[in-house]
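Numbering (the numbering used here), first residue to last: 10 to 236. Take a look at the structure below.
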Amino acid sequence: MGRRLRTLRIAAGMSQSAAGTAVFLSPQSIGRIEDGQHTRVSNLHINALCDLYGVTGEGREVLLGLIQQAREARRSARQGWWSPFTDLLSSDELNRLVFEQHAISGTAFGSTLVPGFARTADYRCALERILHPWDSSADIGRRVELAEQRWKRLHSNDFQARIYILESALRHVLGGPGVMHTQLSHLVEISARPTVSIRVVGREVNSHIGFHLATFCSAGGRGADGW
10 MGRRLRTLRI AAGMSQSAAG TAVFLSPQSI GRIEDGQHTR VSNLHINALC DLYGVTGEGR
70 EVLLGLIQQA REARRSARQG WWSPFTDLLS SDELNRLVFE QHAISGTAFG STLVPGFART
130 ADYRCALERI LHPWDSSADI GRRVELAEQR WKRLHSNDFQ ARIYILESAL RHVLGGPGVM
190 HTQLSHLVEI SARPTVSIRV VGREVNSHIG FHLATFCSAG GRGADGW
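This is how it looks when you write it as structure tokens:
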């Protein structure tokens, strides 16, 4: 919805500030909507933007349908398998988990760490202890369990995973030699699956798009562009 609204605004030759003023929203709110971030917006706002951009008929119905889907996703965000972990998640992360349930493919690039698609439990645990040093062992365990459940569901249903890792990320020891040995063995194991493709970007590569994007992870479903 955000991408559609941005395209329509630009085609109408309007700035975010002008569009926001016309429909009684701040420029920041228009920006958040267009960036796909959670923002309080009503059907009245969407209809007003459609009037402003000259959108009628099917185009308007598509936008109103998309905002309804977003509302339903937020309502169900606290009712899924992840409900015991909601205290560990932000609103955006909850929404992402909802949409991930429909993902059929994903691409990940790790510039400093093994991507989430391919981490072992011990590797995740070592990382979580660094990211959340004040958490109790129980909370660290819950974070690891959440990640395990999340990726387990993605790997089911013939989820197609494409993973790119810098060689330097594999040489960076996280959690000790034993943890890294298990992690590297795990990469070898899952690379044999027909649904998993792993490519290591060696030091001899002079330039790669991942260098500029750093670490990222995206997933897509039928008819979706990913997240």
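Note that CB positions come from ideal geometry on N, CA and C, so glycine has one too.
Cβ distance (whole Å) where residue i is taken to contact residue j below 8 Å
i: residue 14; j: residue 42; result: 6 Å
i: residue 62; j: residue 12; result: Their Cβ separation, rounded to whole angstroms, is 14 Å, which puts residue 62 and residue 12 out of contact at 8 Å.
i: residue 178; j: residue 140; result: About 16 Å separates the two Cβ atoms, so there is no contact after all.
i: residue 156; j: residue 138; result: With 8 Å as the limit, residue 156 and residue 138 do not qualify as a contact, their Cβ atoms being about 13 Å apart.
i: residue 151; j: residue 97; result: 7 Å
i: residue 168; j: residue 207; result: The pair is not a contact, with the Cβ atoms about 14 Å apart (cut-off 8 Å).
i: residue 205; j: residue 176; result: Actually they are not in contact, since the Cβ atoms of residue 205 and residue 176 sit about 19 Å apart, beyond 8 Å.
i: residue 183; j: residue 147; result: With a Cβ gap of about 22 Å, residue 183 and residue 147 do not count as contacting.
Bounding residues of the beta strand (DSSP E) (the contiguous stretch that carries residue i)
i: residue 118; result: 112 to 119
i: residue 210; result: 205 to 210
Buried or exposed (CB count within 10 angstroms, at least 16 for buried), residue i
i: residue 187; result: exposed
i: residue 8; result: The structure shown does not extend to residue 8, since the chain is modelled only from 10 through 236, so no value can be given for it.
i: residue 80; result: exposed
i: residue 46; result: exposed
i: residue 78; result: exposed
i: residue 38; result: buried
i: residue 211; result: exposed
i: residue 90; result: exposed
i: residue 49; result: exposed
i: residue 94; result: buried
i: residue 153; result: buried
i: residue 124; result: buried
i: residue 26; result: exposed
i: residue 201; result: exposed
i: residue 160; result: buried
i: residue 20; result: exposed
i: residue 64; result: buried
i: residue 29; result: buried
Endpoints, alpha helix (DSSP H) assigned at residue i
i: residue 122; result: Where residue 122 is concerned, there is no enclosing alpha helix (DSSP H), given that its DSSP letter is neither H nor E.
i: residue 215; result: Per DSSP, residue 215 belongs to no alpha helix (DSSP H) and is neither H nor E.
i: residue 12; result: 11 to 20
i: residue 189; result: 186 to 200
i: residue 107; result: 100 to 109
Using 8 Å as the Cβ pair cut-off and three pairs as the minimum, do the region 53 to 69 and the region 91 to 103 touch? no
Quick check on the DSSP output: what are the complete alpha helix (DSSP H) runs of length 4 or more inside the region 26 to 54, in order along the chain? 36 to 43
Of all the alpha helix (DSSP H) runs that stay within the bounds of the region 133 to 175, which reach a length of 4 or more residues? 146 to 164
Contact between the region 126 to 134 and the region 191 to 211 (3+ Cβ pairs under 8 Å): yes
Is there contact between the region 167 to 183 and the region 116 to 123, where contact requires at least three CB pairs shorter than 8 Å? The answer is yes - the region 116 to 123 touches the region 167 to 183, with three or more Cβ pairs under 8 Å.
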